[in-house]
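Visitor: What follows is a structure written as structure tokens; I'll ask about it next.
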Amino acid sequence: MLIHAFDPVDFMTCHNLAIKPLIMSPGCLASIDLGIQAIHTRVEDLSLDAIREAQFGSVVSPRAGTFMLGFMLSRRMTITDGYGSQRGWGDEERLIRIYETELQMEETRRRVAPGAPSRLGCLWVAEEGSAGRAMLQEMFASLRHIVSVEIVHQINLFQADASLYDRLFETGDLGAAELYWQGHELHAHWEILLDGAIRVTRDDELQILLQDCRDVGHCLPSPC
Numbered sequence: 301m302l303i304h305a306f307d308p309v310d311f312m313t314c315h316n317l318a319i320k321p322l323i324m325s326p327g328c329l330a331s332i333d334l335g336i337q338a339i340h341t342r343v344e345d346l347s348l349d350a351i352r353e354a355q356f357g358s359v360v361s362p363r364a365g366t367f368m369l370g371f372m373l374s375r376r377m378t379i380t381d382g383y384g385s386q387r388g389w390g391d392e393e394r395l396i397r398i399y400e401t402e403l404q405m406e407e408t409r410r411r412v413a414p415g416a417p418s419r420l421g422c423l424w425v426a427e428e429g430s431a432g433r434a435m436l437q438e439m440f441a442s443l444r445h446i447v448s449v450e451i452v453h454q455i456n457l458f459q460a461d462a463s464l465y466d467r468l469f470e471t472g473d474l475g476a477a478e479l480y481w482q483g484h485e486l487h488a489h490w491e492i493l494l495d496g497a498i499r500v501t502r503d504d505e506l507q508i509l510l511q512d513c514r515d516v517g518h519c520l521p522s523p524c
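Using the numbering used here, you'd call the opening residue of the sequence shown number 301 and step up by one each time.
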């Protein structure tokens, strides 16, 4: 059994789940949607210069979206809401640090584990259990809703110890990035990077998640 942390504030995630209890990585979505396929380039196929400038194009993963915010803040760009008002970010330093750390992780992946999926183009899942739930709750606090999922399509998959990412984030130790992509264990906070698709398996959890989406103001379509 696997679990995944969904963001009820993310409109597109909520919209898609209301239609079908399925979420796909950008690469997986491009593999079945010819319109997206025509304009999509996998993160793994982008140049490092393009990634450094957050030039993803097409569909992006939630992590890539956070990476893009960090990039814009690091360049002191103005970020506005849908009404043209400038937005402030109380955690600007953390977002910039995420951008810097994920760039280091991608640079290291290409050197150490080029066959592994990029952290910027995948979905995150964890094993069901107290350790997996504690890891996701520590990552996202109460900002995300943890639900049971299963993998329904797998293009690529890699398991790594998230505590090695944390070491890089906190100390700048590039050796931790190498150990992460080599699959080594530090504190056994295992995360699974999936290029593919997952499905919510429990309807009661799905309905609670969709209600959370409505509670934040999303108008959702009726299920097909």
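Ideal placement from N, C-alpha and C gives every residue a C-beta, glycine not left out. Please read all numbers here as calculations on a predicted model, not as lab measurements.
Excluding the 5 residues flanking F306 on each side, which residues of the same chain have their C-beta closer than 7 Å to its C-beta?
Guide: Taking the sequence shown and counting its residues from 1, the one referred to as residue 306 is at position 6. T313, R444, H445, V447 and L509, listed in sequence order.
Visitor: Counting beta carbon pairs with one atom in the segment 488 to 496 and one in the segment 512 to 524, are three or more of them shorter than 8 Å?
Guide: The segment 512 to 524 is not in contact with the segment 488 to 496.
Visitor: Grab me the residues of V452's own chain with a C-beta within less than 8 Å of its C-beta, minus the 5 sequence neighbours each way, in chain order.
Guide: As a position in the sequence shown, residue 452 is number 152, starting the count at 1. Closer than 8 Å at Cβ, skipping near neighbours: L322, G496, A497, I498 and R499.
Visitor: Return the CA-CA distance between G365 and A354, expressed in angstroms with no decimal places.
Guide: Mapped onto the sequence shown, residue 365 falls at position 65. Mapped onto the sequence shown, residue 354 falls at position 54. Between G365 and A354, the C-alpha separation is close to 9 Å.
Visitor: Identify whether H518 lies in helix, strand or coil by the three-state DSSP scheme.
Guide: For the purposes of this step, residue 518 is taken as residue 218 along the sequence shown, with counting starting at 1. Correct three-state label for H518: coil.
Visitor: With contact counted as at least three CB pairs below 8 Å, one residue from each stretch, are the segment 467 to 483 and the segment 398 to 408 in contact?
Guide: Flag = yes, the segment 467 to 483 and the segment 398 to 408 touch.
Visitor: Measuring CB atoms only, is the segment 337 to 352 touching the segment 414 to 422, in the sense that at least three cross pairs come out at less than 8 Å?
Guide: Yes, the segment 337 to 352 is in contact with the segment 414 to 422.
Visitor: Can you tell me whether P326 is buried or exposed, with buried defined as 16 or more other CB within 10 angstroms of its CB?
Guide: The sequence position of residue 326 within the sequence shown is 26, counting from 1. The residue is buried, with at least 16 neighbouring Cβ atoms inside 10 Å.
Visitor: With 16 other CB atoms within 10 Å as the buried threshold, where does A330 fall?
Guide: Here residue 330 refers to the residue found at position 30 when the sequence shown is read from its first residue. With 16 or more other Cβ atoms within 10 Å, it is buried.
Visitor: Just tell me which of V412, R410, R394 and F311 has its CA closest to the CA of L369.
Guide: Taking the first residue of the sequence shown as 1, we reach residue 369 at position 69. L369 has its Cα closest to that of R394, out of V412, R410, R394 and F311.
Visitor: Nearest by alpha-carbon distance to G335: which of E427, E450 and V359 is it?
Guide: Sequence index remark: in the sequence shown, residue 335 carries index 35 (1-based). Comparing Cα-Cα distances from G335 to each of E427, E450 and V359, the minimum goes to V359.
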